[in-house]
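Q:
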Amino acid sequence: MKVKEWGAFVLLGLIWGSSFLWIKIGVESITPIVLVTLRVSFGLLALLVVMALQRQSFPRDRATIMKFVFMGIFNTVIPFLLITWGETKIDSSLASILNAATPLFVIIIAHFWLHDEKISAARLGGLLVGFAGVVVLVMQNLKPGSGQNDIWGELAVLLATVSYAVALIFSRRYLRGTKPVVQSTMILVVASALMWIIMPAADQPVVFPRRR
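This note's numbering puts the first residue of the sequence shown at 235, with every later residue one more than the last.
Right under this line is the structure:
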C-alpha cells in the first residue's frame with residue numbers, strides 16, 4: 235500500500251472513529267433521534283453539493299430506488315439510532331470497539347447469502363476469536379454490582395453491527411457497479427426522509443440544540 239493510500243486510510247479511521255466521541259457529546263444535550271436526524275440531514279446536504287459538482291444523476295427506476303430504501307433503513311437509520319441510543323448507556327470508546335464486530339457478522343451472513351463467500355477453517359478461527367473478545371467485553375457488565383444498564387447499550391451497538399453487516403452484503407449483491415457518491419447520497423436521501431417522519435412522532439416536544 236502506497237503512502238498516499240495509508241494516509242487516506244488513517245484519515246478515514248480518525249474521521250470514523252471520532253464520530254463516536256461526537257455522538258457521546260451530542261446525546262448530553264439532545265435526544266438520540268434529534269441527533270441522528272441532524273446528522274443525516276447535514277450529511278445529505280454535503281453530498282448533494284458533491285453530486286451537483288460531479289453532475290451525477292439520481293436513479294429513477296422503481297427497483298433501484300427500493301434497493302436504496304432497504305439500504306437507507308439498514309445501513310443508516312437502524313444502526314445510527316441504535317449506536318446513538320447505546321451511547322447514552324456506555325462510553326464512546328466501548329461503542330467504537332463493539333462496532334468493530336461488524337466484519338464478524340459479515341462473514342456469517344455472507345456464508346448464507348453469497349455463493350462465493352463460504353466460511354473456511356481460517357475464517358471460522360477468526361470468528362471464534364472475535365466473538366470471544368465480544369463476550370469478554372459484554373460479560374464485564376453481567377457481574378453482580380456492575381450497575382447501570384450498560385448491557386443494554388452494548389447489545390444495542392452489537393445489533394447495529396448486525397444491521398451494518400446486512401447492508402454491506404445487500405450492497406455487494408444488488409448495488410455492485412453503482413457509483414459510490416450516488417449510493418451514499420441515495421442512502422442519506424432515504425434516511426433523512428425517514429428520520430424527519432420519525433422525529434416528530436417519537437420526540438414530543440422536539441428540542442433542537444441551542445447556542446449557549
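Ideal Cβ positions, reconstructed from N, Cα and C, are used throughout, including at glycine.
Going by C-alpha to C-alpha distance, which of Pro-439, Ala-435, Leu-422 sits closest to Leu-272?
A: Along the sequence shown, read from residue 1 onward, the residue named residue 272 stands at position 38. Checked all of Pro-439, Ala-435, Leu-422; the closest Cα to Leu-272 is Leu-422.
Q: Thinking C-beta only, is Leu-402 closer than 9 Å to Val-363?
A: As a working mapping, residue 363 is identified with position 129 in the sequence shown. As a working mapping, residue 402 is identified with position 168 in the sequence shown. Against a cut-off of 9 Å, the Cβ pair of Leu-402 and Val-363 comes out as no contact.
Q: Figure out for me which residue from Trp-240, Leu-328, Val-274 has the closest Cα to the Cα of Leu-389.
A: If you number the sequence shown from 1, residue 389 lands on position 155. Comparing Cα positions, the closest option is Leu-328.
Q: If you draw a straight line from the alpha carbon of Phe-254 to that of Ile-312, how long is it in whole angstroms?
A: For the purposes of this step, residue 254 is taken as residue 20 along the sequence shown, with counting starting at 1. For the purposes of this step, residue 312 is taken as residue 78 along the sequence shown, with counting starting at 1. Cα-Cα distance, rounded: 16 Å.
Q: Could you name the residues of the same chain whose beta carbon sits closer than 6 Å to that of Leu-393, not counting the 5 residues immediately before and after it, in chain order?
A: Here residue 393 is taken as the residue at index 159 of the sequence shown, counted from 1. So the qualifying residues of the chain are Leu-316.
Q: Alpha carbon to alpha carbon, how far is Phe-442 from Pro-434?
A: Position 208 of the sequence shown, counted from the start, is the residue given in the question as residue 442. Position 200 of the sequence shown, counted from the start, is the residue given in the question as residue 434. Computed Cα separation, rounded: 12 Å.
Q: Within the chosen definition, does the segment 259–277 reach the segment 416–430 through at least 3 CB pairs nearer than 8 Å?
A: The segment 259–277, when compared against the segment 416–430, does touch it at the 8 Å Cβ threshold.
Q: Taking only beta-carbon positions, decide if Gly-247 is within less than 9 Å of chain B.
A: Annotation note: the requested chain B is absent from the structure, which comprises a single protein chain.
Q: Tell me, please, whether the segment 355–374 touches the segment 287–306 by the rule of three or more beta-carbon pairs shorter than 8 Å.
A: Counting Cβ pairs under 8 Å, fewer than three are found: no touch.
Q: Please name the residue in Val-424, Pro-337, Thr-265 whose C-alpha comes closest to that of Phe-292.
A: Start at 1 with the first residue of the sequence shown, and residue 292 comes out as number 58. Among Val-424, Pro-337, Thr-265, the Cα nearest to that of Phe-292 belongs to Val-424.
Q: Quick one: Cα of Leu-246 to Cα of Pro-439, how far?
A: Walking along the sequence shown from the start, residue 246 turns up at place 12. Walking along the sequence shown from the start, residue 439 turns up at place 205. Their Cα atoms are separated by approximately 36 Å.
Q: I'd like to know whether the C-beta atoms of Thr-298 and Val-261 end up nearer to each other than 9 Å.
A: The sequence position of residue 298 within the sequence shown is 64, counting from 1. The sequence position of residue 261 within the sequence shown is 27, counting from 1. It is not a contact, given that the beta carbons lie outside the stated cut-off.
Q: Provide the residue span of the alpha helix (DSSP H) that contains Leu-405, from first to last.
A: Within the sequence shown, numbered from 1, the residue matching residue 405 stands at position 171. The sequence shown places Ser at residue 405, not Leu. Start and end: 384–408.
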